[in-house]
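Numbering (this note's numbering), first residue to last: 1124 to 1405. Yeah, the Cβ is synthetic: ideal placement off N, Cα and C, and Gly gets one too. Values in this document were obtained by computation on a predicted structure and should not be read as measured data. Remarks on the structure that follows.
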Amino acid sequence: MAIIINGKELAAKVRADVKEEVEELKKRNIHPRLAVIMVGNDSSSAVYVRNKSKACNETGIEFEEFLLEESTTKEQLLNLIEKLNLRKDIHGILLQSPIPKHLDIKEAFDAINYRKDVDGFHPINVGKLAIGEDCFISCTPAGVMKMLAEYQIQTEGKQAVVIGRSNIVGKPLAQCLLNKNATVTICHSKTKDLKEITKRADILVAALGKPKFVTEDMVKEGAVVIDVGINRNEEGKLVGDVDFEEVIKKASYITPVPGGVGPMTIAMLMTNVVKAAKMLEN
Ligand code: NAD
């Protein structure tokens, strides 16, 4: 039976550490502040933004929300980003996706000052990650790496397989694992003989968004299995990309859904805001 990696508990510990750091910064008159922009009325986005605001509250990070109407123009959005880029009291800027279709999200992300890009989506941060320089790392991959480190799971020399190649999860996570000396394979929707590849993995990450896609026969005995997926099953219950009940019997470590990678993502966002505040104020 695998050890369950408790993301909920670990995220609480990360938030407690952030809180302490924020208190220290406030003594130096530095007040870490996150600006969150939401355009339109996407209901899931509203939940995510609320959770981020709660985490800020808990850690003492100041939170400023900008709710823009669905009809917002490109110029209005870019003007707001520019204003926030220039504001000295704002350390982190986050644009909640999705945004309405008439707006270009890539252009908007690129407009954010990369020093305030606490989501780690800006090409400069992506490039810095690729060449192994200090940068903002996308929060979900950062959360996975924190889990591996806290549970003292070795990456060096290990075969790591990442299923999924999105710009926010799969690719940056593969890069993080490579930077930590794992031998990394990225699989995606066009990969052939997927099972043959996943069965070789010492560390297997599922980040594809398909409920219970990773079954026991795809996993090597003793593998570390990280489930990034967040899906709803027919009963509306949250499930991951891994068949948890079966895979737990074969893995050495496994993350549950919920209570695994999910809570780590927001905790790492808090860490990134503190990092931004320190960088900008120094
Ligand atoms: P995405 O849809 O952008 O990317 C999915 C990737 O999976 C693609 O690269 C695609 O090639 C690959 N894929 C799809 N079907 C496949 C198949 N049959 N075999 C192999 N590869 C396949 O998704 P994303 O934004 O990377 O998110 C992935 C999952 O992680 C989703 O369930 C999402 O909800 C979840 N997610 C969780 C968090 C968190 O905080 N835990 C954060 C972001 C995303």
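Check, Outcome
"Among Ile1184, Leu1203 and Ala1305, nearest to Ala1234 - alpha-carbon criterion", "Leu1203"
"Close beta carbons around Gly1352, own chain, < 8 Å, minus the five adjacent residues each side", "Ala1329, Ala1330, Leu1331, Gly1332, Lys1333, Pro1334, Phe1336, Val1362, Gly1363, Asp1364, Val1365 and Val1380"
"Alpha carbon of Ile1371 to alpha carbon of Met1124, nearest angstrom", "6 Å"
"Inter-residue Cα distance where the pair is Arg1138 and Met1341", "34 Å"
"Outcome for Met1393 when other beta-carbon atoms lying within 10 angstroms are tallied against a minimum of 16", "buried"
"Within-9 Å CB hit, Tyr1237 to chain D", "Looking at the structure shown, chain D is missing, and only one protein chain is on hand."
"Within 9 Å, strictly: CB atoms of Val1348 and Ala1374", "yes"
"Stretch pair the stretch 1152-1165 + the stretch 1174-1191: three plus CB contacts closer than 8 Å", "yes"
"Residue of Thr1338, Asn1164, Asp1257 and Arg1210 minimising C-alpha distance to Thr1412", "One cannot answer for residue 1412 here, as it falls past the ends of the chain, which runs 1124 to 1405."
"9 Å Cβ cutoff met for Gly1266 and Thr1388", "yes"
"The stretch 1182-1192 touching the stretch 1141-1153, judged by at least three CB pairs closer than 8 Å", "yes"
"With 16 other Cβ atoms within 10 Å as the buried cut-off, status of His1225", "exposed"
"Bounding residues of the beta strand (DSSP E) (the contiguous stretch that carries Phe1244)", "Taken as a continuous stretch (DSSP letters only), Phe1244 belongs to no beta strand (DSSP E), as it is neither H nor E."
"Whole runs of the alpha helix (DSSP H) within the stretch 1139-1207, excluding any shorter than 4 residues", "1166-1182"
"Euclidean distance between Cα positions of Asp1350 and Val1384", "7 Å"
"First and last residue of the uninterrupted beta strand (DSSP E) at Cys1310", "Thr1306 to Cys1310"
"Asp1233, enclosing alpha helix (DSSP H) - first and last residue", "Ile1228 to Ala1234"
"Inter-stretch contact at 8 Å, needing at least 3 Cβ pairs: the stretch 1291-1305 / the stretch 1316-1324", "no"
"Pro1295 vs Leu1252 beta-carbon contact at 9 Å", "yes"
"Phe1336 beta carbon near the ligand GDP (any heavy atom closer than 8 Å)", "Judged by which ligands are present, the ligand GDP is missing from the structure shown, whose ligands are the ligand NAD."
"Ser1166 CB to nearest heavy atom of the ligand NAD below 8 Å", "no"
"Span of the beta strand (DSSP E) around Leu1218", "Gly1215 to Leu1218"
"Beta-carbon contacts of Ile1222 that lie in its chain and below 8 Å, excluding the five residues immediately before and after", "Val1162, Gly1163, Leu1200, Ile1228 and Ala1231"
"Nearest candidate by alpha-carbon position, reference Glu1193, set Leu1403, Leu1217, Lys1239 and Ser1166", "Ser1166"
"Reduced DSSP category for Arg1238 - H, G, I as helix; E, B as strand; rest coil", "helix"
"Exposure label - Ser1261; buried when at least 16 CB within 10 Å", "buried"
"CA-to-CA distance, Gln1219 to His1258, given in whole angstroms", "Before going further, note that residue 1258 is Cys rather than His in the sequence given. Going from the Cα of Cys1258 to the Cα of Gln1219 covers about 20 Å."
"Limits of the unbroken beta strand (DSSP E) element including Val1285", "Gln1282 to Ile1286"
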